[in-house]
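Colleague: Here it is, the structure, as structure tokens.
Right, here's the structure in full:
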């Protein structure tokens, strides 16, 4: 507790925060020349400024200074992320239709997306549908009988957009997923820039995401998890922009001298917050793609409350939790939860518009009763619209399916193993003898699409998560806490379903946050502002070696991400662990 003197008591009487004396250990260190870092003002702590464009000494290495350096520095804010996204797009769209196969769970989602486009609901398919679609898409055997499916429609509608434009073929059903994969790299660049106040670190996070093997494979396959990842990341970016906008309003309302003000911090109404509404829309789309998005909604809801508490405390609120409860909690709930629920219901528009969808007419002529919840009494719900009771019944059946899914699968894995790449998933594998399909290797050839995160990136990310945990728990770094929240929301819920059949590729949802964590750790390796030239040189060398090793590792595994033909021994050489086969 701070020592009270006549000076601090006077400040307290006038509504000013009492100045705390430095700790004794810091006073002793001053005898030996220690100078504590200058504490930023309240406005700078509320909204840390971006470095002024063109001031970095790097520009001088290219012979630029003054006005030209400032102009180019401003352009890098968007120019750098766009260049990184272009690089990612080239990787994701190159030969996107290969392999010309229905890979893994594309057999569900590509066909369901086409049925939504044609019927408005998921229809049934003949057993030989995959072969027919690949040979003659015009003869696709889609039946009008409703099919029982276990995921909401939003992600499949996204896949259907590509099929509308390019037809029922591998390129068509993978197109929109590749678009979202590319855009997610752009978003990570911009999110990282806002999070770290550094264009270089933001672009580095984007480059890391661009060269992650799991993200690349999922961007080139018509599965739902990459779509879910995109909506989660977009919601996070919107909440981050909302945080900056709200803190900027608090900073603008402070007294001219910039000191904390209890009235501003505790009473100021922050008004219209459109970024939060946008986050609610994206979280609703996440839930409407896969139900695991609901865990993200809860986690991000808690995150914004803590952000609001921190903002009001910094601005001078004496009871920040009470202020947030009175001023911010209600609007935050309305902007996220009801909006997400409305978006979720809207995603079922095709099912609601007709009467042929699975369980669409289940409630017609049926008395409505509340669900069975143990010993609690059941009550009449006939007044609830029939379409809503039918949808509720459908969702209840789907929930029972998900929690009881325990059938064995050769590629299932435990979430404990995900961070170390222990059990990837093979989406496609084809072998050929010498002389077949262009194979010239003596021992034969192999082609594979292996959903495997770039190993060195993921292994380094394990240390980055520990670094973020240290920064959050011991240094109270909100940026590390935000990154950890994104990882936890996409990762920890799977530990609740350890008996369920689950797969490593579910981890793509939190891959962007792993890349942000790694970029943050690399920033620390480079050295804090004000470091000596020697410290910067050593840090740059270490960080450069790590980044180059990750890029090399991605290049080495690139053939098994994109089904390029390799000699059997070269393919085998890339199977570093026995569990990868």
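Residue numbers (this note's numbering): 9 to 589.
All C-beta atoms in this analysis are idealised placements derived from N, C-alpha and C, irrespective of residue type, glycine included.
(1) Would you list, in sequence order, the uninterrupted alpha helix (DSSP H) runs of no fewer than 4 residues that lie entirely inside the region 240-301?
(2) Just to confirm the assignment, what range does the beta strand (DSSP E) spanning residue 114 have?
(3) Measuring CB atoms only, is the region 461-469 touching the region 518-538, in the sense that at least three cross pairs come out at less than 8 angstroms?
(4) With C-beta atoms as the reference, is residue 324 less than 9 angstroms away from residue 269?
(5) What three-state label does DSSP hand residue 405 in the structure shown?
(6) Check residue 511 in the structure and name its three-state DSSP category.
(7) Quick one: which unbroken beta strand (DSSP E) runs of 3-plus residues sit fully inside the region 419-498? Chain order, please.
(8) Give the secondary structure of residue 87 by DSSP, where H, G and I count as helix, E and B as strand, and everything else as coil.
(9) Do you know whose CA, among 156, 93 and 126, lies nearest residue 406's CA?
(10) Rounding to the nearest angstrom, what Cα-Cα distance links residue 515 and residue 148 in this structure?
(11) What does the alpha-carbon distance come out to for the pair residue 327 and residue 274?
(12) Within 10 angstroms of the Cβ of residue 391, are there 16 or more other Cβ atoms? Answer buried if so, exposed if not.
(13) Please report the straight-line C-alpha distance between residue 448 and residue 442, rounded to a whole angstrom.
(14) Could you tell me the boundaries of the beta strand (DSSP E) in which residue 153 lies?
(15) Quick check on DSSP: helix, strand or coil for residue 322?
(16) Given a threshold of 16 other Cβ atoms within 10 Å of its Cβ, counted over all protein chains shown, does residue 511 qualify as buried or as exposed?
(17) Count the C-beta pairs between the region 336-350 and the region 281-292 that are closer than 8 angstroms, then say yes if the count reaches three, no if not.
(18) Mapping DSSP to helix, strand and coil, what is residue 104?
(19) So, helix, strand or coil for residue 520, using DSSP?
(20) With DSSP as the reference, label residue 388 as helix, strand or coil.
(21) How about residue 56 and residue 48: do their beta carbons lie closer than 9 angstroms?
(22) Would you report the Cα separation of residue 546 and residue 537, rounded to the nearest angstrom?
(23) Nearest-angstrom Cα distance between residue 521 and residue 492?
(24) Are the Cβ atoms of residue 397 and residue 374 separated by less than 9 angstroms?
(25) Between the alpha carbons of residue 167 and residue 182, how many angstroms are there, rounded?
Modeller: Quick look at the numbers:
(1) 270-275 and 282-295
(2) From DSSP, residue 114 is part of no beta strand (DSSP E) but of the alpha helix (DSSP H) over 114-127.
(3) yes
(4) yes
(5) helix
(6) coil
(7) 433-440 and 453-459
(8) helix
(9) 156
(10) 33 angstroms
(11) 7 angstroms
(12) exposed
(13) 5 angstroms
(14) 150-154
(15) helix
(16) buried
(17) yes
(18) coil
(19) helix
(20) strand
(21) yes
(22) 14 angstroms
(23) 8 angstroms
(24) yes
(25) 7 angstroms
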